[in-house]
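Colleague: Next up is a structure, given as structure tokens.
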Amino acid sequence: MLPVTASLSLYKRNYYTLQEDHWHAMICIVIITLLCVTCIYQRSKGLEKVETMFMTTTLHSGDEILALQKVSVRFGQRTVLSEIDLSIRGGEFIGLIGPNGAGKSTLLKILLGLLSPSAGSVRVLGSAVRRGSAVIGYVPQKIHLDPGTPLTGRDLVGLGLDGHRFGFALGGRHRRERIDEALRSVDAIALAQSPVGRLSGGEQQRLLIAQALLTDPKILLLDEPLSNLDIKSAREVVRLVARISRERGVTVMLVAHDMNPLLDVMDRIVYLAHGHAAIGSVAAVVQSDVLSGLYGYPVEVLRTKNRILVVGGQDTELEDWNLAGEEHCDGGVTVS
Amino acid sequence: MTGFWRAIFAAGFFSNPEVQNALWLGGVIAVVSGAIGVFTVLRGQSFAGHAMSDMGAAGAAGALLAGGTAIAGFLSFSVVAGASVDLLGVRPRDRDVATGLVLTAVLGLGSLFLFFDTRIVGAPEIILFGSLFTSDPGLTPWLSALGAAVLLALAIVFRPLVFISLSPDTALARGVPVRAVGFAFMLLLALAVGESSLVVGSLLSTSLLIGPASAALRVTARLRHAIPIAAVLGLLATWLGILLAYDSFYWPPYGRGWPVSFFITGLVLAIHLLSRLWPPAARYGSTTAQRTARIGG
């Protein structure tokens with residue numbers, strides 16, 4: 007007596023027998039073929055990328071690395087960026103400063119090739135921008151890593167090396183060494199085995215910078231890396247980025263809405279407001295008349311011993327750096 | 006000793022072809038669901054997965070009405086559902102709303118199919134609660150091949166999938182086709198769900214999908230370990246469930262085996278509850294101890 011007799015009676019009634027199951031075979035074959043094709047295609051693409059990655063660009067510091075000419079971005083009626091001209095040299099540390107909604111993230115998207123400008127030309131290392139280029143390392147804004155994220159520090163950093171590649175992971179010593187080297191360059195080798203979700207904001211930020219460094223980029227774009235950090239961690243991140251920029255000759259563009267933590271490391275400042283930009287030394291750009299020109303209404307620049315405050319002339323659009331600046335009242339910064 | 010084993014493995018357990026088929030098919034589906042489930046939990050798409058299985062049920066009802074097989078309906082409707090859910094919503098909120106609306110509309114269609122289908126007694130029960138013992142053995146090779154294809158595809162998209170699940174912005178900047186990879190995962194999820202609906206029924210397939218996966222993610226902090234652990238836990242629940250269902254023939258009321266879905270889903274819940282007892286520190290192994298030591302020292 008079989009225990010399945012009852013259910014077998016259904017089976018015998020033939021509802022589940024298959025007469026023509028060619029389509030099952032079709033599905034399997036189509037899926038497998040598609041996968042093979044994608045796999046092979048991505049492999050060839052992947053190899054090409056590795057070559058670019060290790061290609062030694064003869065680049066002297068001081069050469070123009072980023073060039074924007076009359077770049078404008080419009081979304082419908084709204085102009086986000088209007089006729090931006092920028093020329094940035096190799097190895098420079100640029101602070102991209104401006105109030106919320108000034109177009110800072112939009113500018114980064116253009117440099118990353120995620121957004122085409124409505125007008126103007128963008129050249130990175132003399133050629134047109136390409137999405138996924140290994141020349142640019144990118145740390146996005148406010149990445150949220152859940153405490154339960156099942157990845158270690160090494161896993162997270164490793165995504166920067168081959169996270170975009172399809173196919174089976176070919177591990178090996180070489181990969182491991184490169185990841186370790188990136189971890190060491192951000193002083194995070196001790197975090198290699200730690201689950202990333204359990205790390206502090208500053209530690210996560212360091213790992214993300216290591217991730218961005220893995221392709222050995224010439225340009226490092228950091229979108230608001232200081233926004234969720236306390237003063238001490240923020241200062242550490244700034245010092246770390248400045249050191250990386252110096253040691254590797256990497257051009258850094260660091261986005262922040264408060265310029266004070268960057269005052270002693272920035273080579274030049276790009277100040278964005280209302281879609282207009284000014285570039286130059288802090289002393290030259292952060293002036294009442296220059297900023298008033300950008301904002302289109304009078305703003306006041308106040309210099310105290312170790313920080314700069316920009317105070318809006320109109321209450322409705324008041325820059326509250328006088329409030330934000332309060333947190334960064336940590337001395338050691340001199341303004342020429 | 007022999008008596009002990011005979012009490013557990015009731016007479017004919019291993020020699021019964023239906024049971025053999027159920028063990029094999031259940032095993033394949035448990036492994037596939039476990040692996041896909043880890044990403045489903047990670048990406049917060051449990052609801053989408055459940056919705057697909059419900060829509061698969063409507064498809065199965067339609068397929069039976071049209072004189073086809075349930076599995077055809079399960080797979081085709083799950084895939085179509087997965088594709089439409091993915092295409093309708095990008096942001097989590099849109100996705101939930103889109104999923105809910107498509108889901109209910111398709112379920113309405115399913116009720117209509119079942120209303121017209123008067124030839125098959127017990128069709129709703131099979132569709133909703135599963136029919137592992139009655140699955141056609143002729144289908145098993147195809148279902149196994151499909152399962153293997155899903156696992157292969159998952160292995161191929163593994164790294165980009167981790168990347169887009171963790172930080173879509175960076176992945177996009179690095180040139181990962183984020184939408185395409187997300188869509189591919191949705192299709193893999195649909196296929197896994199369609200298959201498991203056949204085993205434990207569409208209402209309960211979510212159990213095999215997210216139960217072992219969530220337990221695995223509680224037990225380990227490594228994604229590469231979570232996938233095999235989820236597969237093994239799913240396998241354990243399925244095989245133990247089949248064994249209990251077989252034995253239950255001799256339980257009251259005598260002569261009627263209890264539904265296998267009951268045992269599998271119950272065991273999955275038990276596994277999940279046990280995993281919640283797992284101490285968080287154990288999950289991170291010696292790492293936490295090392296870090297504490299480093300900070301302390």
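Note that the protein sequences, when read in sequence, are chains E and B.
Mind the numbering: the first sequence is residues 7 to 342 in my numbering, read in order.
Mind the numbering: the second sequence is residues 6 to 302 in my numbering, read in order.
Don't be surprised by glycine CBs; every beta carbon is placed ideally from N, CA and C.
1) Let me know if B:I13 comes out buried or exposed under the rule of 16 or more other beta-carbons within 10 Å of its beta-carbon.
2) Counting along the chain, where does the beta strand (DSSP E) carrying E:E89 start and finish?
3) I'd like to know if B:D174 contacts chain E, where contact means its C-beta is closer than 7 Å to some C-beta of that chain.
4) Give me the residue from B:F168, B:L112, B:A128 and B:E200 with the minimum Cα distance to B:G152.
5) So with CB distances below 8 Å, who are the chain B contacts of E:P146?
6) Classify E:H180 as buried or exposed, calling it buried when 16 or more other Cβ atoms lie within 10 Å of its own Cβ.
7) Considering only C-alpha positions, which residue in the set B:L274, B:A235, B:L278 and B:P258 is nearest to B:I41?
8) Helix, strand or coil for E:R309, going by three-state DSSP, please let me know.
9) Among the residues of its own chain, which have a CB less than 6 Å from the CB of E:M272, if the five just before and after it don't count?
10) Check whether the Cβ atoms of B:A197 and B:V162 lie closer than 7 Å to each other.
11) Indicate the three-state DSSP secondary structure (helix, strand or coil) for B:T211 in the structure shown.
12) Please state whether DSSP places E:F99 in a helix, a strand or coil.
13) DSSP three-state label for B:I269, please.
14) For chain E, is any of its Cβ atoms less than 7 Å away from the one on B:A40?
15) Please list the partners that E:H170 has in chain B, where partner means a Cβ-to-Cβ separation under 8 Å.
16) Taking the beta strand (DSSP E) that E:T257 belongs to, which residues open and close that run?
17) Where in the segment 273-318 of chain E do unbroken runs of the beta strand (DSSP E), each at least 3 residues long, occur, reported from the N-terminal end onward?
18) When the Cα of B:E130 is compared with those of B:S116, B:G143 and B:D141, which residue comes out closest?
19) Rounding to the nearest angstrom, what Cα-Cα distance links B:L194 and E:V316 in this structure?
20) Cutting at 8 Å between CB atoms, please list the residues of its own chain near E:R204, excluding the five before and the five after it.
21) Can you confirm whether the segment 223-236 of chain E touches the segment 133-142 of chain E when touching is taken to mean that 3 or more C-beta pairs between the two stretches lie within less than 8 Å?
22) Would you kindly check if the distance between the Cβ of E:A289 and the Cβ of E:I267 is under 7 Å?
23) Using 7 Å as the limit for Cβ to Cβ distance, is B:I161 near chain E?
24) Going along chain B, which residues have a C-beta under 8 Å from E:D222?
25) Quick one: what does DSSP say E:R6 is sitting in, helix, strand or coil?
26) For the alpha helix (DSSP H) holding B:V90, just list the boundary residues, first then last.
27) Considering only the alpha carbon of each residue, which of B:I215, B:W29 and B:G61 lies closest to B:G206?
28) Measuring alpha carbon to alpha carbon, tell me which of E:R249, E:L214 and E:V135 ends up nearest E:T257.
29) Enumerate in chain order the residues of its own chain whose CB-to-CB distance from B:F254 is below 6 Å, with the five nearest sequence positions on each side excluded.
30) Compare the C-alpha of B:D101 against each of B:M57, B:V273 and B:G180 and name the closest.
31) In angstroms, rounded to a whole number, what distance separates the CA positions of E:P105 and E:G132?
32) Check whether the Cβ atoms of B:S219 and B:V36 sit closer than 7 Å, and answer yes or no.
33) Assuming B:F79 contacts B:P264 (C-beta within less than 8 Å), just tell me the rounded distance between them.
34) DSSP beta-bridge partners for E:Q199?
35) Do you know how far the Cα of B:L112 is from the Cα of B:A158?
36) So with CB distances below 9 Å, who are the chain E contacts of B:T270?
Modeller: Reading it off the structure:
1) exposed
2) R84 to R95
3) yes
4) B:E200
5) S172, D174, T175 and A178
6) exposed
7) B:A235
8) strand
9) F99 and G101
10) no
11) helix
12) strand
13) helix
14) no
15) R164, P165, F168, A176, R179, G180 and V181
16) T257 to A262
17) 274-279, 282-286, 305-309 and 314-318
18) B:S116
19) 52 Å
20) P153
21) yes
22) For clarity, residue 267 of chain E is Pro in the given sequence; the question names Ile instead. Going by C-beta atoms, E:P267 is not nearer than 7 Å to E:A289.
23) yes
24) Simply none; closest approach about 14 Å.
25) Past the edges of chain E, shown from 7 to 342, lies residue 6 of chain E, and the structure says nothing about it.
26) A75 to L93
27) B:G61
28) E:R249
29) G262
30) B:M57
31) 30 Å
32) no
33) Wrong, their Cβ atoms sit about 18 Å apart, outside the cutoff.
34) According to DSSP, E:Q199 bridges with nothing at all.
35) 29 Å
36) Per Cβ cutoff of 9 Å: no residues; B:T270 is ~18 Å from chain E at best.
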